[in-house]
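Engineer: Chains as they are written, first to last, in our numbering: chain A, 4 to 118; chain B, 20 to 130.
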Amino acid sequence: EAQVTQNPRYLITVTGKKLTVTCSQNMNHEYMSWYRQDPGLGLRQIYYSMNVEVTDKGDVPEGYKVSRKEKRNFPLILESPSPNQTSLYFCASSIRASGSYNEQFFGPGTRLTVL
Amino acid sequence: QQQVKQSPQSLIVQKGGISIINCAYENTAFDYFPWYQQFPGKGPALLIAIRPDVSEKKEGRFTISFNKSAKQFSLHIMDSQPGDSATYFCAPRDSWGKLQFGAGTQVVVTP
Numbered sequence: 004e005a006q007v008t009q010n011p012r013y014l015i016t017v018t019g020k021k022l023t024v025t026c027s028q029n030m031n032h033e034y035m036s037w038y039r040q041d042p043g044l045g046l047r048q049i050y051y052s053m054n055v056e057v058t059d060k061g062d063v064p065e066g067y068k069v070s071r072k073e074k075r076n077f078p079l080i081l082e083s084p085s086p087n088q089t090s091l092y093f094c095a096s097s098i099r100a101s102g103s104y105n106e107q108f109f110g111p112g113t114r115l116t117v118l
Numbered sequence: 020q021q022q023v024k025q026s027p028q029s030l031i032v033q034k035g036g037i038s039i040i041n042c043a044y045e046n047t048a049f050d051y052f053p054w055y056q057q058f059p060g061k062g063p064a065l066l067i068a069i070r071p072d073v074s075e076k077k078e079g080r081f082t083i084s085f086n087k088s089a090k091q092f093s094l095h096i097m098d099s100q101p102g103d104s105a106t107y108f109c110a111p112r113d114s115w116g117k118l119q120f121g122a123g124t125q126v127v128v129t130p
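Written out as structure tokens, the structure is:
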């Protein structure tokens, strides 16, 4: 089944404790992206990757890191989480960044709470 | 700055009625105009999308109307069903692949 998977689905942690949220897709997509969803703000892009070893900042990159060593994986790293990073996180992927009707597929989400 | 303004925030419609959600944008470089549907506990899923060279697209009970000069597009849900109860997001896309999400509209369809 074609899908985007994220782990963990739920995470409660404390301020300053490094964590990684994994994202994997099995569709051989070039483009991957991370978004965070907060009430009243919709989803905002954190980082994106056009292909392996090519990453760039989105609208809200502060406090996050990413890497793209393999085409299928795009982990999100919080080196020193803070309470303002409490949010619902989504990973998404598409064949390419642009192109007509080039759908982005979203993972199931990771709910992160930073105490 | 808020590049995408979506309205209304929420709406309640009776079964069989019409739901209309509007989206206004500022960035003329957007090249693709999708609507996403999200159910509680799930990720957003593409519902319907339109290219900027088309003024209307219909898929079943869902229609997008696009007005390039006004920089607006809307989603119409005809014959609304209880299963349509969800949050809907407009999310125009730029050439770098970024979806610029609106704040979302919570739709409740009453039986």
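Glycine included, each C-beta is placed from N, C-alpha and C at the ideal position.
With residue 41/B as the anchor, note down where its beta strand (DSSP E) starts and where it stops.
Structural biologist: Element bounds for residue 41/B: 38-44.
Engineer: Where does residue 39/A land, buried or exposed, given buried means 16+ other C-beta within 10 angstroms?
Structural biologist: Residue 39/A is buried by the Cβ-count criterion.
Engineer: Just to make sure I have the definition right: I need the residues of chain A whose C-beta is within less than 7 Å of the C-beta of residue 27/B. Which are they?
Structural biologist: Chain A residues near residue 27/B: none, gap ~13 Å exceeds 7 Å.
Engineer: When you compare the CB of residue 77/A with every CB in chain B, is at least one pair closer than 8 Å?
Structural biologist: No - not a single Cβ of chain B is within 8 Å of the one on residue 77/A.
Engineer: At 8 Å on the CB atoms, spell out the chain A contacts of residue 114/B, in chain order.
Structural biologist: Within 8 Å Cβ-Cβ: 100, 101.
Engineer: Ignore the nearest five residues each way along the sequence and tell me which others in residue 105/B's own chain have a CB closer than 7 Å to its CB.
Structural biologist: Here the set comprises 56, 57, 58, 126.
Engineer: State the Cα-Cα distance for the pair residue 108/B and residue 83/A, rounded to the nearest angstrom.
Structural biologist: Near 31 Å, if we compare the C-alpha coordinates of residue 83/A and residue 108/B.
Engineer: Relative to chain B, which residues along the segment 36-52 of chain A have a C-beta separation below 8 Å, given in chain order?
Structural biologist: Those would be 36, 38, 43, 44, 45, 46, 47, 48, 51, in chain order.
Engineer: With 8 Å as the limit, tell me which residues of the segment 63-84 of chain B have their beta carbon closer than that to any beta carbon of chain A; keep them in chain order.
Structural biologist: Under the 8 Å Cβ criterion, the segment 63-84 of chain B contributes 63, 64, 65, 68, 70.
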